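Heads up, the sequence shown is in my numbering, so the first residue is 1 and it goes up one at a time.
Just so you know, even glycine gets a beta-carbon here, dropped at the ideal spot from N, CA and C.
Predicted, not measured: the structure shown is a model, and the values here were computed from it.
Beneath this line is the structure, given in structure tokens, with notes to follow.
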Amino acid sequence: MGTVRFTTAFSGGLGTLKIQIPGQPDIDFSDDGHQDVDLPEGNTQYVASGAAAPGPGGGVVLTITGDVIADSPQQYGPGLIHPNIHPLLVTL
């Protein structure tokens, strides 16, 4: 198992970000912070969805670190965040 850290930074006000990984409980954010998840080695995918604060200053940045190779950071603009599928490669 590898430990993967999901870290969020919200700008412009309140928002939400949900991370869904098959076989894992959902990871929910509504403020800056981080959550660690232990995942098996190999390829997997996660889905990110939610909503950032509206307006020109709204946004969410998702950074993924740890025992992983990921397309990070992910940046989402203001308003609705439609479900996005992203790959993860968990390494040991």
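Practice item. Quickly, what does DSSP pair His34 with across the bridge? List them, please. Key: Residue numbering aside, residue 34 sits at position 34 when the sequence shown is read from its first letter. Its beta-bridge partners are Thr7.
Check your understanding: In chain order, what residues of the same chain lie with their CB nearer than 7 Å to the CB of Gly57, ignoring the 5 residues before and after it?
Key -> Counted from its first residue, the sequence shown places residue 57 at position 57. These residues qualify, in order along the chain: Ser11, Gly12.
Practice item. Would you list the residues sitting across from Ala48 in a DSSP beta bridge? Key: As a working mapping, residue 48 is identified with position 48 in the sequence shown. Paired residues: Ile19, Asn84.
Review point. So, is Leu89 buried or exposed, given that buried needs 16 or more other C-beta atoms within 10 angstroms?
Key: Residue numbering aside, residue 89 sits at position 89 when the sequence shown is read from its first letter. Per the 10 Å Cβ criterion, exposed.
Exercise for review: Using alpha carbons as the reference points, say which of Pro87, Ile21, Gly59, Thr44 lies closest to Gly79.
Suggested key: Indexing the sequence shown from 1 puts residue 79 at position 79. Nearest of Pro87, Ile21, Gly59, Thr44 to Gly79, Cα basis: Gly59.
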